[in-house]
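**Q** Following the working numbering, the numbering of the sequence shown begins with 5 at its first residue and continues without gaps.
Ideal placement from N, C-alpha and C gives every residue a C-beta, glycine not left out.
Nothing here was measured: the structure is a model prediction, and the numbers come from that model.
Pasting in a structure now, in structure tokens, and then I'll have a few things to ask.
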Amino acid sequence: MKKRLAIFDLDGTLVDSGKVVATILNQIRIEIGKKEQDVSFFIPWLSLGGEELVANGLEIELNKAKPFLDDFRGRYYEVLTPMDTVYEGVLNLLDHLVYRKVKICICTNKPRNLAEKVLRDTGLEKYFQYMCAGGDLKTKKPNPTNLDVCIKYFREDNQNVILIGDSSIDQKTAAALGVDFAYFMHGYNDGVEQSMVFCSFGSHIELKPLFN
């Protein structure tokens, strides 16, 4: 069945934000007397975001993460997101979806001001008609409410929707609503059950047939 609504995760799905995040967290690590770490050190927590990312990335207790999170987000907002962080094939797929008149939106746990900044920096914002971002609701993925508001905005049936993401967070979110999940294999896999996905892909252009 042709999909009529494509809902994308942002980090690790459309944009490889790992290097930017690692650079900022390493700046803070040095300032608090810890050694720098490779990008791979931070990847397991990128899908969680927020205090979980900062606490684990800085190796501090979760209940002490809030001021560091505020600092991290402030620095992030000042950093330009490079165009080359957009995964290869993303623009090709998005252009195809526009041509096929597919509805397109984003469901991310990233705070709205940072998500909007990344989309502006990379030129991706023009493609998306709606976004549910971190802080828009009291919940965040994998709570299905965040995905559900996207579907309801477009008044689509769940069977006509596909969630495109890279993490178990996205997989659980989709499963809770019976929505098909397309797994991007080159993102920040934190334990996706690959036998349970609707499809897996290594390049975004592989998804084009789902919308023809």
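Go through its chain and collect everything with a Cβ distance to E222's Cβ below 8 Å, but skip five positions before and after it.
**A** The question about residue 222 has no answer here: the residues shown for the chain are numbered 5 through 216.
**Q** Straight-line CA distance for V102 to I166?
**A** 16 Å
**Q** Classify R33: buried if its beta carbon has 16 or more other beta carbons within 10 angstroms, exposed otherwise.
**A** buried
**Q** Could you tell me if I36 is buried or exposed, where buried requires 16 or more neighbouring beta carbons within 10 angstroms of its beta carbon?
**A** exposed
**Q** Whole angstroms is fine: what's the gap from V122's alpha carbon to Y157's?
**A** 23 Å
**Q** Quickly, what does DSSP pair G22 with across the bridge? List them, please.
**A** Answer is none; G22 lacks a bridge partner.
**Q** List, from N- to C-terminal side, the alpha helix (DSSP H) runs of 4 residues or more that fit wholly inside the region 61–124.
**A** 70–82 and 94–103
**Q** Using 8 Å as the threshold, is the region 136–149 in touch with the region 174–192, meaning 3 or more CB pairs across them?
**A** yes
**Q** Using the C-alpha atoms, what's the distance from L57 back to F76?
**A** A straight line joining the alpha-carbon of F76 with that of L57 spans about 10 Å.
**Q** What does a CB cutoff of less than 7 Å around P48 pick up in its chain, not counting 5 residues either side in sequence?
**A** The residues are D194.
**Q** Would you kindly check if the distance between the Cβ of D170 and the Cβ of G191 is under 7 Å?
**A** yes
**Q** In whole angstroms, what separates the C-alpha of M87 from that of R124?
**A** 10 Å
**Q** For the beta strand (DSSP E) holding S204, just list the boundary residues, first then last.
**A** C203 to F205
**Q** Hey, out of L214, N216 and I209, whose CA is closest to E92's CA?
**A** I209
**Q** By how many angstroms is the C-alpha of K38 removed from the C-alpha of E160?
**A** 49 Å
**Q** According to DSSP, what are the bridge partners of S136?
**A** Note on identity: in this sequence residue 136 is Cys, with Ser being the wrong assignment. C136 is bridged to C111.
**Q** Report buried or exposed for L84, applying the criterion of at least 16 other Cβ atoms within 10 angstroms of its Cβ.
**A** Classified as exposed, L84 has fewer than 16 neighbouring CB atoms from the shown chains inside 10 Å of its CB.
**Q** Please state if the CB of V19 and the CB of V106 are separated by a distance shorter than 7 Å.
**A** No Cβ-Cβ contact shorter than 7 Å links V106 with V19.
**Q** When the Cα of V153 is compared with those of Q163, L141 and S199, which residue comes out closest?
**A** L141
**Q** Please report the residue range of the alpha helix (DSSP H) in which F158 lies.
**A** T149 to F158
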